[in-house]
Amino acid sequence: KNMLSILLQTYKEMRRGGAESGDKILRPDSFTYAFFFKAVVNLIPKGDTRDRIMKTVFAACCEEGMVNEEVMFRFRRGEIGGDAAKSLRDVSIGDLPKRWKCNATR
19 KNMLSILLQT
29 YKEMRRGGAE
39 SGDKILRPDS
49 FTYAFFFKAV
59 VNLIPKGDTR
69 DRIMKTVFAA
79 CCEEGMVNEE
89 VMFRFRRGEI
99 GGDAAKSLRD
109 VSIGDLPKRW
119 KCNATR
């Protein structure tokens, strides 16, 4: 398998709650999302595929309340297109809805 397919498969398993390590079920946290965005930027060239993946995963991150400064930094590095992404470029973490960051680690 290539690195991208491993990354996507691992992320999907974690979202389903199916990635097990010993007796613990692994769930994505703020570090997971930041690392995911970093990996996507390094593995996928700019374009529609990168944009779609970044936007979909960022929406999940927001839904789970895992957005923190590092997540925002890595998401912005993705340089994705679209009005929603552009509107987040200059927003500070303090201006984001509380529900987007309520479970985030610092």
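Quick note, our numbering runs 18 ahead of the 1-based positions in the sequence shown. From the three backbone atoms N, C-alpha and C, an ideal C-beta is built for every residue, glycine too.
Scanning its chain for C-beta atoms nearer than 8 Å, with the 5 sequence neighbours on each side dropped, one finds around Leu-25 the residues Phe-54, Ala-57, Val-58, Leu-61, in chain order. Distance between Thr-50 and Gln-27, taken at the CA atoms: about 13 Å. Spanning the alpha carbons of Met-84 and Ile-71 requires a straight line of approximately 17 Å. Ranking Asn-20, Asp-47, Ser-23, Met-21 by CA distance to the CA of Met-32 puts Asp-47 first. For Cys-80, the closest alpha carbon among the candidates Ala-122, Arg-45, Gly-99, Leu-22 is that of Ala-122.
Between the C-alpha atoms of Met-21 and Arg-92 there is a straight-line separation of about 18 Å. In the three-state scheme derived from DSSP, where H, G and I count as helix and E and B as strand, Leu-44 is classed as strand.
Secondary structure note for Ala-78: its alpha helix (DSSP H) is the uninterrupted segment 66 to 81.
Taking the CA atoms as reference points, Val-89 sits about 22 Å from Ile-43.
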